[in-house]
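Here the structure comes first, spelled out in structure tokens, and everything after it is commentary.
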Amino acid sequence: MATNAEQMSNNGSYPEKNQSNSAVYVLDERRRAALAEIDNASFSWFHVKVCLVAGVGFFTDAYDIFAINIAVSMLGYVYGKGQNLNTNQSLGVKVATPVGNLVGQLLFGWLADVVGRKRMYGIELMIIIIATFGQAVAGQAPAVGIVGVLVVWRFIMGVGVGGDYPLSAIISSEFAATRSRGRLMTAVFAAQGWGQFASAIVGLVVVAAYKDAILKAPFPAVVPVDYTWRLLIGLGCVPGVVALYFRLTIPETPRFTMDVERNVQQATSDIDGVLATGKYVVDEDAIVQRVQAPRASRRDFAAYFSKWENMKVLIGTCYSWFALDIAFYGLGLNNSVILTAIKFGSPSGPTNTSQYVYSNLYNICVGNLVLSVAGLIPGYWVSFLFIDSWGRKPIQLMGFTMLAILFIIMGFAYDRLNATSAGRNAFVFLYCLANFFQNFGPNTTTFIVPGEAFPTRYRSTAHGISAASGKLGAIIAQVGFGKLVNIGGTNAFVQHILEIFAFFMITGIFSTLLLPETKQKSLEDLSNEDQHGFVEGVAGNTSQPIR
31 MATNAEQMSN
41 NGSYPEKNQS
51 NSAVYVLDER
61 RRAALAEIDN
71 ASFSWFHVKV
81 CLVAGVGFFT
91 DAYDIFAINI
101 AVSMLGYVYG
111 KGQNLNTNQS
121 LGVKVATPVG
131 NLVGQLLFGW
141 LADVVGRKRM
151 YGIELMIIII
161 ATFGQAVAGQ
171 APAVGIVGVL
181 VVWRFIMGVG
191 VGGDYPLSAI
201 ISSEFAATRS
211 RGRLMTAVFA
221 AQGWGQFASA
231 IVGLVVVAAY
241 KDAILKAPFP
251 AVVPVDYTWR
261 LLIGLGCVPG
271 VVALYFRLTI
281 PETPRFTMDV
291 ERNVQQATSD
301 IDGVLATGKY
311 VVDEDAIVQR
321 VQAPRASRRD
331 FAAYFSKWEN
341 MKVLIGTCYS
351 WFALDIAFYG
361 LGLNNSVILT
371 AIKFGSPSGP
381 TNTSQYVYSN
391 LYNICVGNLV
401 LSVAGLIPGY
411 WVSFLFIDSW
421 GRKPIQLMGF
431 TMLAILFIIM
441 GFAYDRLNAT
451 SAGRNAFVFL
461 YCLANFFQNF
471 GPNTTTFIVP
481 GEAFPTRYRS
491 TAHGISAASG
501 KLGAIIAQVG
511 FGKLVNIGGT
521 NAFVQHILEI
531 FAFFMITGIF
541 STLLLPETKQ
551 KSLEDLSNED
561 QHGFVEGVAG
571 NTSQPIR
């Protein structure tokens, strides 16, 4: 075709329409060649940078979300009646973040597809930093209680944390080579485990540092315990501040530049620069040539997802994440409650002494640390090893199946396990195993698959919808846990809550069957759109960059 074009051009008889068709063909070929260059790229320092920058954000997210699991006990001693926050207060500070997550995932997921990944990346982290600091310095006044202030700040923080999900997933998936995309995205998400681990470690260090002050203070050691929770929460700002500059300077993904901004020439230039040097440069005086290609719109969105082959994937990603988060957050934000319910590490002696306050807080931190080390972190990294060889779908099916079995055992054998010391140790082992199979299972894959399975113009939006469905499950789990756990007595309903979790894990098995296997496939192949002729025409030139 190119040869004919050259010959006809030389003869002076090439029609203008054919010249236009030739230009479109060349741009379409350049687009596919550029995408192939990303998909086949060798792993480089730039990929490491993407992993670290996105991962630090997830570390911060997890730290801020799960630190409240420990801080609630501290808040109870300082502001609660009877040294505990009441059910509604505890529920408020725990559920505020998932509610904010849901809003942030939908909002930032959509915005990243409209204005760009780069433009939004870093804004969500600034929200997290400000809201985290706001929590640490929050005070109580006659007109407003501390719990109300914390609920507001944690909601705002949740919006930022929610925005991090689609942005980090999409940026890491769109820069990754096909053969290592799963491992890169898993490494980013695995930072969540280290964030949970860090929250337990910091809690342990802070409580130990204030040991003498707590023991010397009159029961319930209000002043030193007030310092501990503020330090625990406030230190969550530190990794976010470190990562902020790098997030603000990360380049736009070439896929967004090509398929949403419709600037194929700039995208190919970006790819050459990023893969070679890790940097990219936009020539402010360059003439930008936009192409005609499928554009995001309500009509196009409806047309794309009206096809069952596309809609079933969105249903599968949404419900799988919903089912998983019912258990993941139902347990993760209530580890301390469950450990107390089975009397694991409970301090002995009178409960109205400062010694008891110290021992209780110390043991809560140790318990959360054990759960992180024994189950959460290993699960992420076993997923890392197998995600690109075994595949996403088998890991998710296996994870949901194992979780269903474990929750059935823990739920129906709860009374028998809780009757003896050996039984309680066995329960903790099963609990750690459940944490392991959450992460070597659907907790990892529900994050990855929505970042791969949709076209560029809707990829972030669809990931945000999927993640928000998960947070809807987390909200239901928190409200349900808070309202049900004390039916029949203090923590008496825990066993039935575990049985409910088992039911949702079984339903997750069936929703997984709707998903495609995404390993070793390009993002464009997974979009179910024909990539030949994707560029439909040339929209014209402009001297103004569209960035």
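Position one of the sequence shown corresponds to residue 31 (this note's numbering), numbered consecutively onward.
We treat Cβ as the ideally placed atom computed from N, Cα and C, and that holds for glycine.
(request) Starting from the C-beta of residue 133, find all residues in its chain whose C-beta is less than 6 Å away, skip the five residues before and the five after it, and write them out in chain order. (result) 189
(request) Taking only the alpha-carbon atoms, compute the straight-line gap between residue 272 and residue 296 and give it to the nearest angstrom. (result) 30 Å
(message) Suppose you measure from the CA of residue 65 to the CA of residue 200; what does that come to, to the nearest Å?
(response) 15 Å
(request) Count the CB pairs spanning the segment 556-564 and the segment 444-460 that are closer than 8 Å, and state whether there are at least three. (result) no
(message) For a minimum of 4 consecutive residues, which ranges assigned as the alpha helix (DSSP H) are wholly contained in the segment 519-547?
(response) 524-542
(message) Using C-beta distances below 7 Å, list every residue in its chain close to residue 466, excluding the 5 sequence neighbours before and after it, in chain order.
(response) 405, 408 and 409
(message) I need the DSSP call for residue 171, collapsed to helix, strand or coil.
(response) strand
(request) May I have the straight-line CA-CA distance separating residue 212 from residue 225, to the nearest angstrom? (result) 20 Å
(request) Compute the distance between the beta-carbons of residue 261 and residue 395, then report whether it is under 8 Å. (result) no
(request) Thinking residue 60 and residue 294 are a contact (beta carbons under 8 Å), I'd like their distance in whole angstroms, please. (result) 6 Å
(message) Whole angstroms are fine: how far does the CA of residue 378 sit from the CA of residue 283?
(response) 56 Å
(request) Closer than 7 Å by C-beta to residue 541: which residues in its own chain qualify, once you throw out the five before and the five after it? Chain order, please. (result) 346, 349, 350 and 353
(request) Could you check if residue 299 is buried or exposed, using at least 16 other CB atoms within 10 Å of its CB as the buried criterion? (result) buried
(message) As a quick exercise: from 494, 255 and 223, pick the residue whose alpha carbon is nearest that of residue 238.
(response) 255
(message) Using the Cβ count rule (16 or more neighbours within 10 Å means buried), how would you classify residue 339?
(response) exposed
(request) Have a look at 435, 550, 169 and 391 and flag the residue whose alpha-carbon is nearest the alpha-carbon of residue 232. (result) 391
(message) Spatial neighbours of residue 369 within its chain, please: C-beta separation below 6 Å, excluding the five flanking residues on both sides.
(response) 397
(request) Quick one: which unbroken alpha helix (DSSP H) runs of 4-plus residues sit fully inside the segment 415-455? Chain order, please. (result) 422-442 and 444-447
(message) Let me confirm a value: residue 117 is counted as buried when at least 16 other C-beta atoms fall within 10 Å, else exposed. Which label applies?
(response) exposed
(request) Go ahead and label residue 315 buried or exposed: buried means 16 or more other beta carbons lie within 10 angstroms of its beta carbon, across all protein chains shown. (result) At residue 315 the pLDDT is 48, less than 50, meaning the model places this residue with poor confidence; the figure from the coordinates comes in the next sentence. So residue 315 ends up on the exposed side.
(request) Could you have a look at residue 325 and say whether DSSP puts it in helix, strand or coil? (result) coil
(request) Kindly list the residues whose CB is nearer than 7 Å to the CB of residue 113, restricted to its own chain and excluding five residues on each side of it in sequence; keep chain order. (result) 106, 107 and 250
(message) For residue 275, count the other beta carbons within 10 Å of its own beta carbon; 16 or more makes it buried, fewer makes it exposed. Which is it?
(response) exposed
(message) Could you tell me the alpha carbon to alpha carbon distance between residue 425 and residue 419, rounded to whole angstroms?
(response) 10 Å
(request) Determine the extent of the alpha helix (DSSP H) in which residue 216 is found, giving its start and end residues. (result) 211-239
(request) Report the partner residues of residue 114 according to the DSSP bridge assignment. (result) 111
(message) Let me check understanding here. Comparing Cα to Cα, which of 84, 287 and 186 lies closest to residue 145?
(response) 287
(request) Report the rounded CA-to-CA distance for residue 266 versus residue 94, giving the unit in angstroms. (result) 6 Å
(message) On the DSSP letters alone, give me the boundaries of the alpha helix (DSSP H) that residue 152 sits inside.
(response) It is not in any alpha helix (DSSP H) - residue 152 carries neither H nor E in the DSSP assignment.
(message) According to DSSP, is residue 370 part of a helix, a strand, or is it coil?
(response) helix
(message) One question on the structure: do residue 371 and residue 521 come within less than 8 Å of each other, judged by their Cβ atoms?
(response) yes
(request) Mind checking which residues open and close the alpha helix (DSSP H) that includes residue 553? (result) 553-556
(request) Locate the alpha helix (DSSP H) running through residue 499, then write down its first and last residues. (result) 486-514
(request) Please confirm whether residue 277 and residue 481 have their CB atoms less than 8 Å apart. (result) no
(message) Helix, strand or coil for residue 315? Go by DSSP, reduced to three states.
(response) Any reading at residue 315 is ruled out, since the residue's pLDDT is 48, under 50, leaving its predicted position unreliable.
(message) Which residue wins for smallest C-alpha separation from residue 470, given the options 519, 441 and 416?
(response) 416
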